[in-house]
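Visitor: In the UniProt record's numbering, the protein residues as written are 1 to 709. Ideal placement from N, C-alpha and C gives every residue a C-beta, glycine not left out. Quick caveat: nothing in here was measured; it's all calculated off a predicted structure. The structure follows.
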């Protein structure tokens with residue numbers, strides 16, 4: 001290029017202006033091309049308002065408190081020349097703007113800088129605000145002292161630069177709320193009604209708050225003894241929601257230090273003093289936080305799930321979404337790996353082995369008690385003289401004296417062999433059904449817990465009944481040998497061959513009647529004891545003694561309440577002796593026992609059953625959970641924890657390469673936050689031609705045109 005041409009270009013640029021070439025990424029070009037349409041005359045690709053909204057706010061997404069049409073606000077920013085269309089260059093400039101750290105404020109500034117001069121004129125700002133605020137919303141006085149401090153008096157108005165405008169926007173919401181409070185405080189006593197407070201918040205901060213907060217705003221009056229809300233309450237509430245990220249950081253740190261994963265108000269305040277330097281929470285702000293977090297949990301000790309209802313607003317920033325997406329990918333990968341047949345087979349084998357060992361351990365520890373229980377239940381005859389054993393202790397002493405220590409463990413071998421599949425299927429089915437009915441937050445309804453336990457109890461009968469009938473006949477064998485001379489001693493295999501397949505399931509209906517309610521009572525009780533009594537949580541792992549205690553206590557009501565079914569099952573499965581009645585079925589056995597021995601016979605061996613079942617399941621489940629901890633399945637990944645807020649997103653390492661989600665959808669949603677602070681209805685109001693913001697370029701001049709009349 002010659003010197004003359006260079007001079008011409010310089011003069012042309014100085015007169016006509018110049019436009020810097022924007023470097024567009026392949027992804028940016030692809031997003032533009034996917035939504036752009038072609039101009040029939042020039043062949044140029046461009047996006048109109050509808051195409052622009054589709055690009056930054058795809059249909060079918062969840063926009064929470066924001067209306068999808070409100071994204072048309074941003075079209076005016078992208079259409080910098082006011083031509084009613086966004087070209088590829090415009091799109092590149094807009095995406096680049098969204099990447100800026102202060103994009104929220106700069107987009108708002110460009111929206112109100114209607115003449116593109118680098119300053120916001122008060123008249124343009126005022127008229128654009130009035131045009132877009134809700135017609136019935138609380139009015140705002142622009143001649144107030146607060147506004148004069150930023151823009152000057154009427155006769156000395158001045159334009160606002162970008163830093164001045166951004167600072168004014170930061171304080172505008174607070175001034176709106178102050179004026180609204182004064183408007184409703186007609187008698188000037190410093191109090192307003194709960195419904196008036198609710199209206200103020202809905203018109204100024206709705207898009208920032210969780211559904212839980214919005215549904216319970218009117219209850220703010222309950223933090224004091226009166227039925228009204230003071231201005232101090234309002235300011236404390238606003239300060240609390242303004243510092244959501246700091247609140248969450250304090251809560252998380254305090255919960256981590258807690259033994260049971262829950263904290264009190266004083267623990268929160270103490271942790272806040274450790275975390276912050278001068279931005280301490282006032283007593284009223286702490287009261288408000290705990291008031292809304294404890295509406296469903298009035299105990300005063302709150303966990304992360306309670307605070308999440310307050311801290312997890314529907315508005316989610318890009319930092320949150322980046323981590324959530326990354327964690328979602330990690331969960332998907334782990335789920336895909338675990339769905340393979342080989343992995344499922346290995347995991348089933350692992351669970352079976354642990355369940356078998358834990359079940360055998362629990363059964364062996366209490367087997368002598370189980371033998372005593374069986375012999376007591378098999379005693380017939382209502383008169384004391386007809387009974388061989390007076391009680392559990394007498395039975396234990398006589399068995400030990402007559403048969404020795406081996407007598408106390410008669411039939412233990414088939415018990416240990418058979419308990420493996422029984423406990424494995426019981427624990428596995430319960431876990432599977434519970435997992436199916438557990439929601440994303442980790443909660444499960446009581447009815448679903450009972451169903452899970454009942455299902456586990458029903459499935460185990462396939463293995464339990466053959467095991468029980470062999471075990472019981474071996475347990476009473478020593479007793480028969482002492483009372484009847486010449487009685488041969490039978491082995492477990494002889495009993496199995498003698499009974500046959502059908503005989504092994506004799507008394508199965510009674511076994512089912514016992515095991516289903518037992519498990520339906522036991523598993524939910526065990527789960528709630530661990531959580532409610534011992535405070536088990538994601539941050540607190542219970543010790544062996546606590547697991548044993550929870551299992552033992554849970555077994556007490558389950559064992560005793562199902563004793564009648566166990567008595568009937570025992571009578572059906574024991575081989576009748578000479579002269580004793582033979583039961584033909586469940587109903588016949590129940591009627592005969594009632595008629596010959598009375599109601600109390602149904603609870604024979606009840607205490608022994610408690611002393612056997614209660615510690616047995618305590619040992620079994622404690623061993624199962626301890627084994628899972630000390631012998632984790634090879635190749636099993638650490639559980640992926642879901643993140644619930646920005647504070648954790650800032651300290652969590654994920655495979656995102658340190659990058660945030662920079663898509664127009666995520667960033668443009670964040671950019672609307674500041675604009676909607678002006679008024680919740682911004683962008684909803686339609687102009688006379690019903691085309692809303694898309695007509696603004698015609699009304700507000702692009703380059704030096706007139707503002708809205």
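#1: Output the distance between the C-alpha atoms of residue 552 and residue 543, rounded to the nearest integer angstrom.
#2: Does the distance from the CB of residue 614 to the CB of residue 559 come in under 8 Å?
#3: On the premise that residue 517 lies in contact with residue 446, defined as a C-beta separation below 8 Å, what is that separation, rounded to the nearest angstrom?
#4: Which residue from 179, 286, 461, 128 puts its Cα closest to that of residue 143?
#5: Would you mind working out which of 495, 145, 161 sits nearest residue 154, comparing C-alpha positions?
#6: For residue 81, does the three-state DSSP call read helix, strand or coil?
#7: Between the alpha carbons of residue 123 and residue 244, how many angstroms are there, rounded?
#8: How is residue 583 classed by DSSP in three states: helix, strand or coil?
#9: Find the nearest neighbour of residue 565 within the set 602, 236, 246, judged by alpha-carbon distance.
#10: For residue 604, which three-state DSSP category applies?
#11: Could you check whether the segment 451–471 touches the segment 388–408, counting it as contact only if at least three pairs of C-beta atoms, one from each stretch, sit closer than 8 Å?
#12: Where do the ends of the alpha helix (DSSP H) carrying residue 242 lie?
#13: Where does residue 493 sit, in a helix, a strand or coil, going by DSSP?
#14: Near residue 15, what residues of its chain come up, given a Cβ to Cβ distance below 6 Å and the 5 sequence neighbours on each side ignored?
#15: Does residue 405 pass the burial test, meaning 16 or more other C-beta atoms within 10 Å, or should it be called exposed?
#16: From the DSSP output, read off the bridge partner residues of residue 160.
#17: Report the residue from 227, 300, 354, 367 whose alpha carbon sits nearest the alpha carbon of residue 609.
#18: Whole angstroms is fine: what's the gap from residue 374's alpha carbon to residue 594's?
#19: In the DSSP assignment, find the alpha helix (DSSP H) that holds residue 189 and state where it starts and stops.
#20: For the alpha helix (DSSP H) holding residue 526, just list the boundary residues, first then last.
#21: Closer than 8 Å is the cut-off here; do at least three beta carbon pairs connect the segment 51–58 with the segment 70–89?
#22: Determine the direct distance from the alpha carbon of residue 354 to that of residue 628, and round the result to whole angstroms.
#23: Look at residue 362 and residue 623 and say whether their C-beta atoms are less than 8 Å apart.
#24: From the DSSP output, in three-state form, read off residue 38 for me.
#25: Grab the span of the alpha helix (DSSP H) containing residue 392 for me, first residue to last.
#26: Considering only DSSP beta bridges, list what residue 46 is partnered with.
#27: Going by DSSP, name the residue or residues bridged to residue 302.
#28: Tell me which residues share the same chain as residue 625 and place their Cβ nearer than 7 Å to its Cβ, disregarding the 5 neighbours each side in the sequence.
#29: Residue 555 and residue 618 - do their beta-carbons sit closer together than 8 Å?
#30: Comparing alpha-carbon positions, which option in 611, 371, 568, 612 lies nearest residue 591?
#31: Out of curiosity, what's the CA-to-CA distance linking residue 493 and residue 474?
#32: Judging by CA-CA distance, which residue of 206, 424, 545 is the nearest neighbour of residue 675?
#33: Take the Cβ of residue 240 as the centre, count every other Cβ of all protein chains shown within 10 Å, and call the residue buried at 16 or more, exposed below.
#34: Taking 7 Å as the limit between beta carbons, can you name the residues of its chain near residue 588, skipping five residues before and five after?
#35: Taking the beta carbon of residue 472 as the centre, do at least 16 other beta carbons fall within 10 Å, making it buried, or is it exposed?
#36: Could you please give the first and the last residue of the uninterrupted alpha helix (DSSP H) stretch that includes residue 93?
Guide: If we stick to the structure as given:
#1: Using only the alpha carbons, I get a separation of about 14 Å.
#2: In this structure, residue 559 lies closer than 8 Å to residue 614 by Cβ.
#3: Not really, about 15 Å apart at Cβ, beyond 8 Å.
#4: Closest by alpha carbon: 179.
#5: The shortest Cα separation from residue 154 among 495, 145, 161 belongs to 145.
#6: DSSP places residue 81 in coil when its eight states are reduced to three.
#7: Their backbone Cα atoms lie some 34 Å apart in a straight line.
#8: Shown here, residue 583 sits in coil according to DSSP, grouped into three states, outside any helix or strand.
#9: Between residue 565 and the set 602, 236, 246, the nearest pair of CA atoms involves 602.
#10: It is coil, neither helix nor strand.
#11: Counting C-beta pairs with one atom in each stretch, the segment 451–471 and the segment 388–408 have fewer than three that are closer than 8 Å, which means they do not touch.
#12: Note, residue 242: alpha helix (DSSP H), 231–242.
#13: In this structure, DSSP gives residue 493 a helical state, which the three-state scheme calls helix.
#14: Per-residue confidence for residue 15 stands at a pLDDT of 43, beneath the threshold of 50, marking its modelled position as unreliable; no derived number is given.
#15: Within 10 angstroms of the beta-carbon of residue 405 lie fewer than 16 other beta-carbons, which makes it exposed.
#16: Beta-bridge partners assigned by DSSP to residue 160: 120.
#17: Of 227, 300, 354, 367, the residue nearest in Cα terms is 367.
#18: When rounded, the separation of the alpha-carbon atoms in residue 374 and residue 594 is 19 Å.
#19: For residue 189, there is no enclosing alpha helix (DSSP H), since its DSSP letter is neither H nor E.
#20: Segment 508–528, the alpha helix (DSSP H) holding residue 526.
#21: Judged by pairs of C-beta atoms under 8 Å, the segment 51–58 touches the segment 70–89, as three or more such pairs exist.
#22: Going by C-alpha positions, residue 628 is about 8 Å away from residue 354.
#23: Yes.
#24: Here residue 38 carries a strand assignment [DSSP, helix/strand/coil].
#25: 392–408 is the extent of the alpha helix (DSSP H) around residue 392.
#26: Answer by DSSP bridge pairing, in chain order: 37.
#27: For residue 302, which the question treats as bridged, DSSP gives the partners 263.
#28: Excluding its 5 nearest sequence neighbours in each direction, residue 625 has C-beta neighbours in its own chain below 7 Å: 547, listed in chain order.
#29: Taking 8 Å as the Cβ cut-off, residue 618 and residue 555 qualify as a contacting pair.
#30: For residue 591, the nearest C-alpha among the options comes from 568.
#31: Whole-angstrom Cα-Cα distance: 11 Å.
#32: Distances from the alpha-carbon of residue 675 to those of 206, 424, 545 put 206 closest.
#33: The residue in question, residue 240, is buried, as its Cβ has 16 or more Cβ neighbours within 10 Å.
#34: Cβ neighbours of residue 588 beyond the five flanking positions: none.
#35: Buried: at least 16 other Cβ atoms inside 10 Å.
#36: First-last of the alpha helix (DSSP H) with residue 93: 88–98.
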